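>
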Amino acid sequence: MSLKINYLGHNSFILNINKKNILTDPFFVKKTHKKRLVPCSNKVNDLPKIDTILISHEHFDSFDIKNTNYLVKEHNPKVIAHQSVLNKIDSSFINNVPIQEYETKTINDICFHAHPAHHPTSFYPLSYKITYKNKSIYFAGDTFLTRDHDNLFSDVMLLPIGGNKTLDLVSSLKIVKKSKPKVVIPMHYNTFEDIKENPEKLKHRLDKDRYKTNPVILDPGRKYNVR
Numbered sequence: 019m020s021l022k023i024n025y026l027g028h029n030s031f032i033l034n035i036n037k038k039n040i041l042t043d044p045f046f047v048k049k050t051h052k053k054r055l056v057p058c059s060n061k062v063n064d065l066p067k068i069d070t071i072l073i074s075h076e077h078f079d080s081f082d083i084k085n086t087n088y089l090v091k092e093h094n095p096k097v098i099a100h101q102s103v104l105n106k107i108d109s110s111f112i113n114n115v116p117i118q119e120y121e122t123k124t125i126n127d128i129c130f131h132a133h134p135a136h137h138p139t140s141f142y143p144l145s146y147k148i149t150y151k152n153k154s155i156y157f158a159g160d161t162f163l164t165r166d167h168d169n170l171f172s173d174v175m176l177l178p179i180g181g182n183k184t185l186d187l188v189s190s191l192k193i194v195k196k197s198k199p200k201v202v203i204p205m206h207y208n209t210f211e212d213i214k215e216n217p218e219k220l221k222h223r224l225d226k227d228r229y230k231t232n233p234v235i236l237d238p239g240r241k242y243n244v245r
């Protein structure tokens, strides 16, 4: 699988798989009720063609409603999310792809498998394993450790490390040590004061323990090609 990962910031990535662009947890706004310390690397009107939008849950920093509606209008993407999220989107029924825990939806030969997430302040949080041609990437969204993480294996994992009602660095390390992905990319850190974390600690811990997982630290706007 040729996978190109473009980190926009926080939980937002553009995953280019099979020449299709998948946007995770859109969050573009600068001004929120919490001071955003690290802005999104891209303006919403500067994005490439978005084919699919993948949303983990309804919180403002994972579901920027205004800009999601802009993308729906301009790019006509499929939107994969729980129905409670889709109800808030100005999208035709044909483009809404409702999904629940343990369901799989296939779009453009790419499989999206929804896993439970444990994020207490969310109504119906999800995480996703995305598979194409026997290669996979796990997008955790916002979640604490769950039973699924005992048997959830992917080539690439996108994991929070900032904590505050989701995985912190230590918890993400536990997942990496059990799952042994080829690549782990940290997310959901340093955007706000209450999720500050140094991602170099992740690299140091994995290097120290001689794990074969490659920790890739991306600043917003940086890209990484998975071979």
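So the sequence shown is residues 19 to 245, counted in the working numbering. Glycine is no exception: its CB is placed at the ideal position from the N, C-alpha and C atoms. Predicted, not measured: the structure shown is a model, and the values here were computed from it.
(1) Let's see if you can read the secondary structure: which residues bound the beta strand (DSSP E) around Tyr87?
(2) Contact check, Leu89 vs Pro44 under 8 Å by CB: the rounded distance?
(3) According to DSSP, Ser145 sits in a beta bridge with which residue or residues?
(4) Taking the DSSP output, what are the residues bridged to Lys53?
(5) Alpha carbon to alpha carbon, how far is Pro143 from Leu176? Give it in angstroms, no decimals.
(6) Select from Val201, Tyr150, Phe78 the residue whose C-alpha is nearest the C-alpha of Ile35.
(7) So Val7 is in the beta strand (DSSP E); what residue range does that whole segment cover?
(8) Considering only DSSP beta bridges, list what Leu65 is partnered with.
(9) By Cβ distance, which residues of its chain are closer than 6 Å to Tyr207, with the 5 residues on each side in sequence left out?
(10) Look up Leu21 in the DSSP assignment and say whether it is helix, strand or coil.
(11) I think Ile68 touches Leu41, with their Cβ atoms under 8 Å apart; what is that distance to the nearest whole Å?
(12) List the endpoints of the continuous alpha helix (DSSP H) containing Ser102.
(13) Nearest CA to the CA of Lys153: which residue from Ser110, Val234, Val244, Glu218?
(14) Would you mind reading off the limits of the beta strand (DSSP E) that contains Ile179?
(15) Are Asn29 and Ser80 closer than 7 Å when you measure CB to CB?
(16) When the Cα of Lys52 is compared with those of Glu211, Tyr229, Arg228, Ile235, which residue comes out closest?
(17) On the DSSP bridge list, what partners appear for Asp186?
(18) Measuring straight from C-alpha to C-alpha, what distance separates Cys129 and His167?
(19) Taking its Cβ as the centre, do 16 or more other Cβ atoms sit within 10 Å of Phe31, making it buried, or is it exposed?
Quick answer:
(1) For the purposes of this step, residue 87 is identified with residue 69 of the sequence shown, where counting begins at 1. Here residue 87 is Asn; the residue named in the question, Tyr, does not match the sequence. No beta strand (DSSP E) holds Asn87; the alpha helix (DSSP H) holding it covers 83-93.
(2) Position 71 of the sequence shown, counted from the start, is the residue given in the question as residue 89. Position 26 of the sequence shown, counted from the start, is the residue given in the question as residue 44. Going by Cβ atoms, the distance from Leu89 to Pro44 rounds to 7 Å, so yes, they are a contact pair.
(3) Here residue 145 is taken as the residue at index 127 of the sequence shown, counted from 1. Ser145 pairs with His133.
(4) Reading the sequence shown from its first residue, position 35 is the one you call residue 53. Answer is Lys49.
(5) Mapped onto the sequence shown, residue 176 falls at position 158. Mapped onto the sequence shown, residue 143 falls at position 125. Going from the Cα of Leu176 to the Cα of Pro143 covers about 16 Å.
(6) Translated into the one-based positions of the sequence shown, residue 35 becomes position 17. When only C-alpha atoms are compared, the closest one is Tyr150.
(7) What the structure shows of the chain is the stretch from 19 to 245, and residue 7 is not part of that stretch, so it cannot be assessed.
(8) Position 47 of the sequence shown, counted from the first residue, corresponds to residue 65. According to DSSP, Leu65 bridges with nothing at all.
(9) Within the sequence shown, numbered from 1, the residue matching residue 207 stands at position 189. Counting only Cβ-Cβ distances below 6 Å, and skipping sequence neighbours, we find Ile179, Gly180, Ile213, Glu215.
(10) Taking the first residue of the sequence shown as position 1, residue 21 is located at position 3. Leu21: strand per DSSP, three-state reduction.
(11) Your numbering for residue 68 matches position 50 in the sequence shown. Your numbering for residue 41 matches position 23 in the sequence shown. About 5 Å; that satisfies the 8 Å criterion.
(12) Taking the sequence shown and counting its residues from 1, one reaches residue 102 at position 84. Counting along the chain, the alpha helix (DSSP H) containing Ser102 begins and ends at 101-104.
(13) Here residue 153 corresponds to residue number 135 of the sequence shown, with the count starting at 1. For the residues Ser110, Val234, Val244, Glu218, the minimum Cα distance to Lys153 belongs to Val244.
(14) Position 161 of the sequence shown, counting from 1, holds the residue named residue 179. Here Ile179 belongs to no beta strand (DSSP E), and DSSP marks it neither H nor E.
(15) As a first step, residue 29 must be located in the sequence shown, where it is residue number 11. As a first step, residue 80 must be located in the sequence shown, where it is residue number 62. Yes, the Cβ-Cβ distance between Asn29 and Ser80 is below 7 Å.
(16) Residue mapping note: residue 52 aligns to position 34 of the sequence shown, counting from 1. Nearest of Glu211, Tyr229, Arg228, Ile235 to Lys52, Cα basis: Glu211.
(17) Looking up residue 186 in the sequence shown gives position 168. Within the DSSP bridge table, the entry for Asp186 names Gly180 as partners.
(18) Position 111 of the sequence shown, counted from the start, is the residue given in the question as residue 129. Position 149 of the sequence shown, counted from the start, is the residue given in the question as residue 167. Their Cα atoms are separated by approximately 19 Å.
(19) Here residue 31 corresponds to residue number 13 of the sequence shown, with the count starting at 1. Phe31 is buried by the Cβ-count criterion.
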